[in-house]
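As numbered in my numbering, residues 2 to 929 make up the sequence shown, in order. Note that the Cβ used here is the ideal one computed from N, Cα and C, for glycine as well. Let me begin by presenting the structure, written as structure tokens, before commenting on it.
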Amino acid sequence: MELSAKPWFSSKMEGKDRIIEERKEKVKNFFKSNPNRIFWFVLILLVILGIITRIQPLLDHGGRPGLWDVTTNDYTLGPDLDPFLFLKYAKTMISESGLPSIDIMRNVPLGFDTSTELQMVPYMIVLTYKILNIFGTYSINFAGAFMPVILFALTIIAFFFFVREIFTRKDDKESKLKANIIASISTLFMIVIPGFLSRTVAGIPEKESVGFFFMFLAFYLFVKAWKSENLKNALILGALSGVSTAFMGLSWGGVVYIYASIAPAFLAAILLGKVGKKETLVYVSWVIFSFVLTLLFTNRFSLKGYITSLDTGLVIVNLIILAVHFLLWNLNFNEKLKLNKINLPKPIISLIASIVVIIVLASLILGPGFIFEKLNALNQILIEPIQGRWSTTVAENRQPYFSEWAGSFSKFIFWGFIIGSALLFRKVLAGIDKKRAYILTGFYIFFLFGLIFSRYAPHPALLDGEGFLSKLLYYGSFLALISAFGYYYIKDYKEGKSSFQTINFEYVFLFALFVLTLFTARSAVRLIMVLVPIAPIFLVYLLVEIGDLSRKATDQTIKITFFILAIGLLVFSTYQAYGFYKETKSMSYNYVPNYYTVQWQKAMEWVRENTPQDAVFAHWWDYGYWLQSIGERATVTDGGNIIVWWNYLTGRFVLTGDNQKDALEFLYNHNASYLLIDSTDIGKYGAYSQIGSDEKFDRLSQGPFALISDGREIQETKNETIRVYNRPSGNGQVAIFPLEEDVIYKNNGSNIYLLKENTQLFGIKVSYSQSDNSTLFNQPEAIFVSKQQYTTVPIKYLKYKDKFYDYGSGIDAAVNIIQRVSQNERGVQIDNIGALIYLSPRVFRGMMGQVYILDDPLKRFSNFALVHSEPNLIVDSLNQQGANLEDFVFLNDIQGPIKIWKVNYKGDEKINPEYTQMGVPSYITWKF
């Protein structure tokens, strides 16, 4: 018998190798036949990267997940407020198969109409919960924490296809390759830029985490519909875009980004003569599906609101223009009106006629003042979009300056997207006379600078956003651009040309979106994040276009120059992206409950276990959703701020309230059984004292604040020790604090007048002595500075530990001596008299000062019985190590407890309908 020269297993190995080689060849041919297919693989990698950066809070943090409730041993959400409402609603949907029509845990005693709430977010949490439990057993809390990760992965896909569709040209392989590159790198920047993290990270199931997915999906579908040559497909895509728009409307008020970008882009398309039957039907199908679905599934919107709102009004205006244009030019009304004699483009004539029709109809139906009201409202939105006492005190509503919002990007990215947008703008005008195109590009750059830099820095900066020069630059740059376009557009028409029709709609739409996001970024801090994914598109376009110019250049010098420039941009972009990635991943990992939120977890455990289930809590509005979701108790106010009037009453009668009677009567009308005050309410004093003030701002104050004593400057005398408490501001300087009201004090028969307009508090002087292991304090003195002259005035009250001193005279202010905790190479250092909390006369009169900080020493609020004090987590931890710290300590700032009081009513409280009404009374003359 002959033996084979090769062992049997060798043949098998060769067979396997052959199969592997064949598969490799198939894969190679798959990508070789269409190189763009590699971007499917790139997209998968981008999705994986997005998940990695967003899932960090759910990973191990010292033996347990970062998103963990120490009291329930279950997952929880991140350090945010609103997501807890959506988690609560998701739990209700599961346990009760839907939401009740009225949520009795909100806005007690009226409740909250859930049909006006945006319910898409809790539905997404429920959907996530049901999908996850196909593969195992997961809690609803985990589903709520994990949902943003899934939605962000979908957002990545939608954004990629949207950007790719913008730059793709039919039957142009080169444009498809460039579009894929631009989409890939733009998506990478969206993933790694830190400014886009806070609403897309695990543990924050916010409106935006859902809304961004539907926004980019709606954009993609609309652009795809517009470019589709098949009418049926275009209609389906337009309708689907409308559905996605509606879903965003059911998720987030940011749906206005869809309306306010598509509508002006469509108007521009009408004027450019690019709207035919297909485009009209796409637009109409989008409008119908987006409007009708939102009207069907929520009471938050109304048809009248859609028609009259500045956000969506242009959507309706476009429909009117289409109707007028059809009547004029398709039904021969133009001949009757002799419009053919007017030497203007038909769309311009239709626009003018439509404006006349709109003014007449609006005046007849809505009143003659409607148009002027809307113009005033538009001016307000453009200059000062956030107004009113409550609105301006919400940090995320604050209107930023350029120097603030530009910080969300590096200088490289900022100037990159400015230059890139100018380059793309010039390319958009490629079909227009070259000279005119450059002139229009110059006007665009001028407009861009006017939009961005007209609100550069606060007063006294020349461009503060509110002065004459700022407004001139802001409005003037826009009018200049529109005028230049109008001039050349009409001139082009009179010359018998139609070069403006070569402008592609998708580019018009992209610029409309870009300008909108730039405008909103300068309007409110919370809206900067919407600019974050849009701006880098132009930087990436710049990079790809320069690379393409290098490839196409025939002159060797130009070719090398562009090549070096492209490589430089690529290196900087890579370096920037990697730096952003590390920062975003680190931020994501730390987006977990901190010592403050863990303190709240423990406080809410006490609430769940020690208060009746029908208990009602009063507090400043910020914490409502935490009380309702974590504490499982009803509240008077919450983050929805549906009834801002109640915020005024809470601020005026409770937190800054100067008498128990008003506080009890207000709380009685709301069935409140407990009052909760949190240490961060100290820092929010300026906000709720402003909201709770009358027209003369009688309660306005910066609130209690801490001053510290430098141990190196203590003065020792034979009988006493003297300390001066102030607030170092750096470089050897000391901060001074303004007065809320004049100080008038009699001293040795003469009056001391210190006017608030020119007097500031410099510091507090405290002297004390030791006797029998106790500390005896002399009367403290406030050191005021007025016109460079220092004056000391006695302070009437002082608190140290459990002792309260009433010196009988002095200004009606108080100081609370507290411990100062610091840490250095020798460990934790505690100075028992190292800091104090100063309560000005205005603050001392109120509940926040007397009850929360001083424990009601004058017994003016005796019907509020302290039933729980949850210590600051740092204080509690140090005490467990034997530190013996009091409730309040100074550690970088005031660290204090969460205090809860039982409200004991006297029985003589009366029902006052004004306390529970939803609207603001007519005698209130200022805005909230």
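Contained beta strand (DSSP E) runs [length at least 3] in the segment 445–520, N- to C-terminal order:
none
Proximity of PHE163 and ILE183 at Cβ, strictly below 9 Å
No, the Cβ-Cβ distance between PHE163 and ILE183 is not below 9 Å.
Same chain only: Cβ atoms within 8 Å of GLU209, ignoring 5 sequence neighbours per side:
Cβ within range, chain order: ARG200, THR201, TRP253, GLY255, MET530.
Option nearest THR575 by Cα separation, candidates GLY640, PRO537, ALA616, ILE289:
PRO537
Please classify TRP927 as buried or exposed, where buried requires at least 16 neighbouring CB atoms within 10 angstroms.
exposed
Can PRO346 and TYR124 be called in contact, C-beta distance under 9 Å?
no
Does the segment 185–196 come close enough to the segment 228–236 to have 3 or more Cβ pairs within less than 8 Å?
Contact fails between the segment 185–196 and the segment 228–236, because fewer than three Cβ pairs, one in each stretch, are under 8 Å apart.
What are the residues that DSSP puts in a beta bridge with ARG724?
VAL767
Start and end of the alpha helix (DSSP H) containing TYR221?
Start and end: 208–228.
Using DSSP with H/G/I as helix, E/B as strand and the rest coil, what is GLN820?
Strand at GLN820.
Who does LEU762 pair with in a DSSP beta bridge?
PHE738, PHE785
DSSP three-state call for THR636: helix, strand or coil?
Under the three-state reduction of DSSP, THR636 is assigned to strand.
Rounded C-alpha distance that separates PHE929 from ILE692:
7 Å
Just the Cα atoms here: how many angstroms apart are LYS586 and THR54?
5 Å
What span of residues does the beta strand (DSSP E) with GLU871 cover, start to end?
865–871
Please state whether DSSP places LEU4 in a helix, a strand or coil.
For LEU4, the pLDDT reaches just 47, beneath the cut-off of 50, and the residue's location in the model is therefore unreliable, although a value from the coordinates is still provided. Coil at LEU4, not helix or strand.
Using DSSP's beta-bridge definition, name the partner residues of LEU1.
With the chain represented from 2 up to 929, any question about residue 1 goes unanswered, as that position is not in the structure.
Does the distance from the C-beta atom of VAL150 to that of ILE56 stay below 9 Å?
yes
Measuring CA to CA, which of PHE153, ASN380, GLN614, LYS797 is closest to THR636?
Nearest to THR636 by alpha-carbon distance, out of PHE153, ASN380, GLN614, LYS797, is GLN614.
What is the rounded straight-line gap between the Cα of LYS342 and the Cα of LEU517?
The alpha-carbon atoms of LYS342 and LEU517 are separated by roughly 37 Å.
Go to ASN648, then tell me how far its alpha helix (DSSP H) extends in each direction, as first and last residue.
645–650
Out of GLU742, ASN817, TYR853, point me to the one whose CA is closest to LEU677's CA.
TYR853
Roughly how many angstroms separate the alpha carbons of TYR494 and LEU480, rounded to a whole number?
21 Å
Which residues does DSSP list as the beta-bridge partners of VAL526?
None; VAL526 has no bridge partner.
How is the beta strand (DSSP E) around TYR754 delimited, first residue to last?
751–755
Got a sec, what are the start and stop residues for the beta strand (DSSP E) ALA707 sits in?
706–710
Cβ neighbour criterion (16 or more within 10 Å) applied to GLU782:
buried
Restricting to Cα atoms, I'd like to know which of ALA264, ASN335, LEU46, SER116 is closest to TYR307.
ALA264
Less than 6 Å between C-beta atoms, sequence neighbours within five positions excluded: which residues of the same chain meet that for GLY764?
VAL725, TYR726, ASN727, ILE784
Under a Cβ-count criterion, where at least 16 other Cβ atoms within 10 Å of its own Cβ denotes burial, should PHE10 be classed as buried or exposed?
Bear in mind that the predicted position of PHE10 carries a pLDDT of just 49, short of 50, making it unreliable; the figure below should be weighed with that in mind. Exposed, because fewer than 16 other Cβ atoms sit within 10 Å of the Cβ of PHE10.
Across the segment 625–639 and the segment 78–86, are there enough close Cβ pairs to call them in contact, namely three or more that are closer than 8 Å?
yes
What residue from ILE745, ILE831, THR793, SER841 has the CA that sits closest to ALA815's CA?
If we check each option's Cα against that of ALA815, SER841 comes out closest.
For GLU741, which of GLN761, PRO401, GLU336, SER751 has the nearest alpha-carbon?
It is GLN761 whose Cα lies nearest to the Cα of GLU741.
Residues of its chain near PHE891, where Cβ-Cβ distance is below 8 Å and the 5 sequence neighbours each way are ignored:
ALA707, ILE709, ILE819, GLN820, ARG821, VAL822, GLY835, ALA836
Can you look up TRP69 in the DSSP assignment and give me helix, strand or coil?
It is a strand residue.
Would you give the residue range spanned by the beta strand (DSSP E) that VAL429 belongs to?
From DSSP, VAL429 is part of no beta strand (DSSP E) but of the alpha helix (DSSP H) over 412–429.
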